[in-house]
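In this note's numbering, the protein residues as written are 346 to 509. Cβ coordinates follow ideal geometry from the N, Cα and C atoms, glycine included. As structure tokens, the structure follows; a few thoughts come after it.
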Amino acid sequence: MNRQIQSAGKQKQMWLPMLLLAGAALLLVAALAGGGKEAEKKQFTPLNEAVEQALLELDNKPMPAAAPEIKQEAEDEQPEMEDPVLIGGPPNEQENETDSRIDINRAGMSELQTLKGIGPSKANAIIMDREKNGFFRSADDLLRVKGIGNKVLSEIKESIVARP
């Protein structure tokens, strides 16, 4: 009886590997019969070629110009403004004509370097600080820039302005 139990146990142990082997063989046959990824590529190639052809056609077509009557209608629909609203109020023409100070919020490297005591490195530091922290509210805000202290600021204060 012991031998019958041992024989039945071996048959159960052999059953599982045989099932796995049969499953693997079926998967291999299915993969070989189906053509694998090469068949998939062939199915999508015509679509890729069609899309590519359509894109080439679009690139070669000139863009149509708007019809003259559409342009005229668009111009007619725009309301006329009597008094434009300016942000920050109307400009003071006298101030702009006589004010030769350098605006530290808009000056470039070359303009900043015309100031006494400001060389390329300090001019660059001013621009980098302005880009990082935003516009200067006043000339005194230049003190936040590394390399500019009270002495340099006092020498250039009359030559600069911080316009919003």
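Checklist entry - Span of the alpha helix (DSSP H) holding arginine 451? => result In this chain, arginine 451 is not harboured by any alpha helix (DSSP H), its DSSP state being neither H nor E.
Next on the checklist: Which of the three DSSP states is assigned to isoleucine 471 in this structure?
Outcome noted: In this structure, DSSP gives isoleucine 471 a helical state, which the three-state scheme calls helix.
Checklist entry - Residues in its own chain within less than 7 Å of alanine 470 by CB, not counting five upstream and five downstream? => result Excluding residues within five positions, the ones whose Cβ falls inside 7 Å are Val490, Lys491, Gly492.
Next on the checklist: Can you find the residues in the same chain that come closer than 8 Å, C-beta to C-beta, to valine 506, ignoring five residues on each side of it along the sequence?
Outcome noted: Once the five neighbours on either side are set aside, the close Cβ partners of valine 506 are Asp444, Arg446, Ile447, Asp448, Ile449, Ala484.
Checklist entry - Which residue comes first and which comes last in the alpha helix (DSSP H) that contains isoleucine 501? => result Here the alpha helix (DSSP H) through isoleucine 501 covers 495-501.
Item to check | Inter-residue spacing [alpha-carbon to alpha-carbon] between methionine 359 and alanine 367 | outcome: In a straight line, the C-alpha of methionine 359 is about 12 Å away from that of alanine 367.
Checklist entry - Is DSSP giving valine 490 helix, strand or coil here? => result Coil.
Item to check | Presumed contact (8 Å Cβ cut-off) between glycine 462 and glutamate 503, rounded CB distance | outcome: Rounded to whole angstroms, the Cβ separation of glycine 462 and glutamate 503 is 13 Å, and the two are not in contact under 8 Å.
Checklist entry - CA-CA distance, arginine 475 and glutamine 398? => result Our two residues, arginine 475 and glutamine 398, have alpha carbons roughly 49 Å apart in a direct line.
Checklist entry - Between the Cα of phenylalanine 319 and the Cα atoms of Val396, Val374, Ala452, Thr459, which residue gives the shortest distance? => result It is not possible to answer for residue 319, since the shown part of the chain is limited to 346 through 509.
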